[in-house]
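A.B. asks:
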Amino acid sequence: MTPSDHHQSDAAGPLGYAVLTVSDTRTPQTDASGAAIIELMDAAGHTRVDYRIVRDETQAIRGCVTAWVNDPRCRVVLMTGGTGVASRDVTVEAVEPLFDKRLEGFGELLRQRSFQQVGPAAMLSRATAGVSSGTVIFAMPGSTAAVRLAMTELVLPPLRHLVALVAG
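With the working numbering, the residue at position 90 of the sequence shown is 151, and numbering never jumps.
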């Protein structure tokens, strides 16, 4: 068994997940990034617990994520939007105080992989991830291309192993 095989075999069965799109303008009909997350997670056999769109407001973001962290069905929270440097981008400020542990490598690797595709603009992303009370949280950029990159290369490959580690 290779190390990769070991990491894939740790958490059996579907994982419950929730998707949060942070945007002042997106609707369920125009939320391509949220739809991409759902498509990829469903294709991987996971179970959607909830999907919401909230405005770029710290309390709205934090309240939604906190509710999911406290929901025993939800093991993974996947967020898109609000991770840039504009004044309304508050996802990072909303979610990082909830982390018991940060997964620094996620943002670092996403920026590195994004740099290969978009060049220096990659440094404008403040994508982050962490663990809160046994729930894994990923905050990704609003770009659908960045979400697909993050999900296919960084989130999905180790997700079962990560959830198993967090569960103890």
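Note that CB positions come from ideal geometry on N, CA and C, so glycine has one too.
1) Tell me whether S148 is buried or exposed, calling it buried when 16 or more other Cβ atoms sit within 10 Å of its Cβ.
2) Ignoring anything shorter than 3 residues or poking outside the region 121-190, list the beta strand (DSSP E) runs there in chain order.
3) Can you tell me where the beta strand (DSSP E) with G229 in it begins and where it stops?
4) What separation, rounded to the nearest whole angstrom, lies between the Cα atoms of T144 and P202?
5) Between D117 and the rest of its own chain, which residues show a CB-CB distance below 8 Å, the 5 nearest in sequence each way excluded?
6) Skipping 5 residues on each side, what residues in its chain have a beta carbon closer than 7 Å to that of V224?
7) Would you call the region 187-194 and the region 152-168 touching, i.e. three or more CB-CB distances under 8 Å?
8) Would you say the beta carbon of A155 comes nearer than 7 Å to a heavy atom of the ligand FMN?
C.D. replies: Well, looking at it:
1) exposed
2) 137-141
3) No beta strand (DSSP E) contains G229, which DSSP labels as neither H nor E.
4) 5 Å
5) V83, S84, D85, G142, G143, R149, D150, V151 and T152
6) A72, L76, R136, V137 and V197
7) yes
8) With respect to the ligand FMN, the structure offers nothing, as it holds no ligand at all.
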